[in-house]
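Have a look at the structure below, then the notes.
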Amino acid sequence: MQNREVIVIGGGMVGALTALLLARQGELVHLVEKTPCTMPSVDEAFDLRVSAFSAQSKNLLELAGVWDLIPANRLCAYRGLQTWERGSSKLKFDSADIGIDALGYIAENRWIQAVLWQALKELNNVTFYENREVKGINNSDSGVSVDLDNAGQISADLLIACDGANSAVRQLLNIGITAWDYRQQCMLINIKTNSTQQDITWQEFRETGPCAFLPLADNNASLVWYHNPRKINQLKSLSNAQLKDAVKAEFAPLDFDFEVQDKASFPLTRRHAHSYYKGACVLLGDAAHTINPLAGQGVNLGFKDVECLVDLLHNSRDLPLQSILKRYENRRKPANLLMQTAMDVFYKGSKCELSSVRLLRKGILGLAQNSGALKNRVMKYAMGLQ
Ligand SMILES: Cc1cc2nc3c(=O)[nH]c(=O)nc-3n(C[C@H](O)[C@H](O)[C@H](O)COP(=O)(O)OP(=O)(O)OC[C@H]3O[C@@H](n4cnc5c(N)ncnc54)[C@H](O)[C@@H]3O)c2cc1C
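So this is what it looks like as C-alpha cells:
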C-alpha cells in the first residue's frame, strides 16, 4: 500500500502526538506550527499550564515511545482522588481499590509537547514548517492543499487540524460550533509546599465554583480556583503574599505552609464543532471540542481522538477516506459530547442555589462513596480503562 501524505496543522500536545504516531506508521507528515517548540530545562520553575494525564493517555505516550523521556522530577503520580461538596462527606477514589499503581499523572503541558517534538525531530519522514500559519485551504474529497504565510503551498491526501480552541482551519472550512461562556474564570496558582502529601488530588465544590489541588513533583502543587471574572481580577491584583492569605482563607484543606510562586487566569468556554470533518480535512482535540477543565479531561479526550483516527487510518486502508472520517466522527463526537455534558451537570449542580438540588448532589456523592463496584467502574472510565 502506498503511504499517505498528511498535513498536521498545530504541533501542541494533540498535533505532535498525531504527527508522531502517523510518521511511525510510515506516512509522510508535514507539521505546521506557528510557535516553535523549545525544550524546557529541568531546573526551571514549574509552568502554570499543567494537565492530569489518565492511564490511557500514559499508555498512548508509551506507545509513541516518549513517556520515558519525561524527566522524573517533572512528573507526579497521584494515587488518590477526592471530591466533595463543602460541608458534606468525601467521595474517595484510590488506585489500590482497582489494583493499579496510580490513577494518573500530572505534568506540565510544555514537557509533554517537548518530548513529542524531540522524537519527531529524529524522523526523516516529517517536514517541519515552524513559525508558519495557514492562510488558505483548497479542500475536496480527494485531497487538500494549504497556503502558508511566506512558505508557499503544500498538498496532501489528508489535513488534520490540531490548532486548538480558536482553530483557524475550522474557521477557514466554515465549520460552525456550539459554544457558551460559563461566565466564570479559573485561576491557576503554583505553590511550593512543605507538605508530605504529594499523591492525592482533590476538588471541593462550592456555590462560587470549585477549588482544586493538583500535586506536582518535588513538593510543588497547582491550585485551581474558579470564581466570577470580577473576583478573579481582584485576586490577580494581589501580591503573592496577599494571595497566599486569600488562598488560606478559601482552601480549607491546605493545613500546611506554602509559598505562592506564580499565577494566571483563564476564561472557561465550552465549544463543540458541528462537524468533525469536511472533504479531506478533519478536526482533533481542542479544535473540535473544549470542555470545562474541572475533571481534567480536555487533553485526555484529545488523545482519544488521536488514538481513534490513527487506528482507523492504519486498519481501514481499504476504505475510501470519506468513510474513514465518517467512522471517526461517529465514534468520537458522541463520546466527547457525553463527557462535556457530564461535566456541566456536575458543575451547574454545584453552583445551583436550590437547596433540593444541593441535597440531591450530596446524596449522590454519598451513595457513590458506598457503591463499591460501581465506584470502581466510574474510576476506570475516567482513567480511560473502560
Ligand atoms: C485551565 C485549564 C486547565 C486544564 N487542565 C487539564 C487537565 O488537567 N487535563 C486535561 O486533560 N486537560 C486539561 N485542560 C485542557 C488541555 O489544556 C487542552 O485540552 C489541550 O491543551 C489541547 O491540546 P491541543 O493540542 O488540542 O491544543 P493546543 O494546546 O491549543 O495546541 C494548538 C497548537 O496549534 C498551534 N496553532 C494554533 N493556530 C495555528 C495556526 N493557525 N497555524 C499553525 N499552528 C497553529 C498553537 O501554537 C499550538 O501549538 C485544561 C485547560 C485549561 C484552560
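The sequence shown lines up with residues 1 to 386 when you count with this note's numbering. A virtual CB, placed ideally from N, CA and C, is assigned to each residue, including glycine.
Tell whether a beta-carbon distance below 9 Å holds between residue i and residue j.
i: Leu75; j: Thr83; result: no
i: Leu63; j: Leu21; result: yes
i: Lys192; j: Lys236; result: no
i: Thr145; j: Leu321; result: Reading off the sequence, residue 145 comes out as Ser, not Thr. No. Outside cutoff.
i: Val299; j: Leu284; result: no
i: Gly12; j: Gln113; result: yes
i: Tyr78; j: Leu214; result: yes
i: Glu85; j: Glu204; result: yes
i: Leu172; j: Ile137; result: yes
i: Leu159; j: Ile7; result: yes
i: Val14; j: Asp245; result: no
i: Ala19; j: Leu120; result: yes
i: Thr208; j: Asn228; result: yes
i: Gln234; j: Asn219; result: no
i: Ala217; j: Asn73; result: yes
i: Leu238; j: Val282; result: no
Per DSSP, what are the beta-bridge partners of residue i in this structure?
i: Thr201; result: Leu81
i: Gln153; result: Asp147
i: His227; result: Gln185
i: Leu321; result: DSSP output for Leu321 lists no bridge partner at all.
i: Glu122; result: Paired residue(s): none; Glu122 is not in a bridge.
i: Asp47; result: Answer is none; Asp47 lacks a bridge partner.
i: Thr178; result: His272
i: His30; result: Ile7 and Thr127
i: Pro215; result: Ala221
i: Ala168; result: Ala168 pairs with nothing; no bridge assigned.
Classify residue i as helix, strand or coil using the three-state DSSP reduction.
i: Gly285; result: helix
i: Met39; result: coil
i: Ala161; result: strand
i: Lys248; result: helix
i: Tyr328; result: helix
i: Lys236; result: helix
i: Asn139; result: strand
i: Phe346; result: helix
i: Thr208; result: coil
i: Ser95; result: helix
i: His272; result: strand
i: Asn194; result: coil
i: Glu307; result: helix
i: Leu103; result: coil
i: Asn396; result: Residue 396 lies beyond the stretch modelled for the chain, which goes from 1 to 386, so this question has no answer here.
i: Val66; result: coil
i: Gln2; result: coil
i: Gln297; result: coil
i: Ser57; result: helix
i: Leu387; result: This structure does not reach residue 387, given that the chain is present from 1 up to 386, and the question cannot be answered.
i: Pro334; result: helix
i: Ala23; result: helix
i: Leu173; result: coil
i: Ala264; result: strand
Would you kindly work out how many angstroms separate the C-alpha atoms of residue i and residue j, rounded to a whole number?
i: Pro210; j: Val345; result: 13 Å
i: Phe266; j: Ile189; result: 11 Å
i: Glu44; j: Ala221; result: 15 Å
i: Leu301; j: Pro334; result: 12 Å
i: Phe258; j: Tyr347; result: 28 Å
i: Asn240; j: Gln2; result: 58 Å
i: Ala249; j: Ser155; result: 57 Å
i: Trp202; j: Ala151; result: 47 Å
i: Pro71; j: Ser140; result: 43 Å
i: Leu243; j: Val224; result: 13 Å
i: Thr196; j: Thr269; result: 35 Å
i: Val134; j: Gln153; result: 10 Å
i: Ile388; j: Gly80; result: Since the first and last residues shown for the chain are 1 and 386, residue 388 lies out of range.
i: Ala252; j: Val169; result: 44 Å
i: Gly296; j: Leu116; result: 21 Å
i: Gln185; j: Asp68; result: 34 Å
i: Asp412; j: His314; result: The shown model of the chain, from 1 to 386, leaves out residue 412, and the question about it has no answer.
i: Thr38; j: Phe53; result: 21 Å
i: Val260; j: Gln56; result: 32 Å
i: Asp318; j: Arg327; result: 14 Å
i: Leu294; j: Gly10; result: 25 Å
i: Ala96; j: Lys304; result: 25 Å
i: Arg331; j: Arg206; result: 34 Å
i: Ile232; j: Leu338; result: 29 Å
i: Gln118; j: Leu28; result: 18 Å
i: Val66; j: Pro40; result: 15 Å
I want to know whether the stretch 103 to 121 touches the stretch 32 to 49 - three or more CB-CB distances under 8 Å. These segments touch.
Meets three-Cβ-pair contact criterion under 8 Å: the stretch 151 to 165 and the stretch 286 to 293: They touch, by the three-pair rule.
Is it true that the stretch 116 to 131 meets the stretch 10 to 25, where meeting means three or more beta-carbon pairs spaced less than 8 Å apart? The stretch 10 to 25 and the stretch 116 to 131 touch, with three or more beta-carbon pairs separated by less than 8 Å.
The stretch 55 to 62 in contact with the stretch 169 to 185 per 3-pair CB rule at 8 Å: For the pair of segments examined, the stretch 55 to 62 was found not to touch the stretch 169 to 185: the number of CB pairs separated by less than 8 Å stays below three.
For the structure I just gave you, are there three or more beta carbon pairs, one from the stretch 26 to 45 and one from the stretch 130 to 139, closer than 8 Å? Contact holds: three or more Cβ-Cβ distances are below 8 Å.
Per the contact definition of three or more C-beta pairs closer than 8 Å, is the stretch 268 to 275 in contact with the stretch 166 to 177? As far as the Cβ criterion goes, the stretch 166 to 177 touches the stretch 268 to 275, which means the pair count is three or higher.
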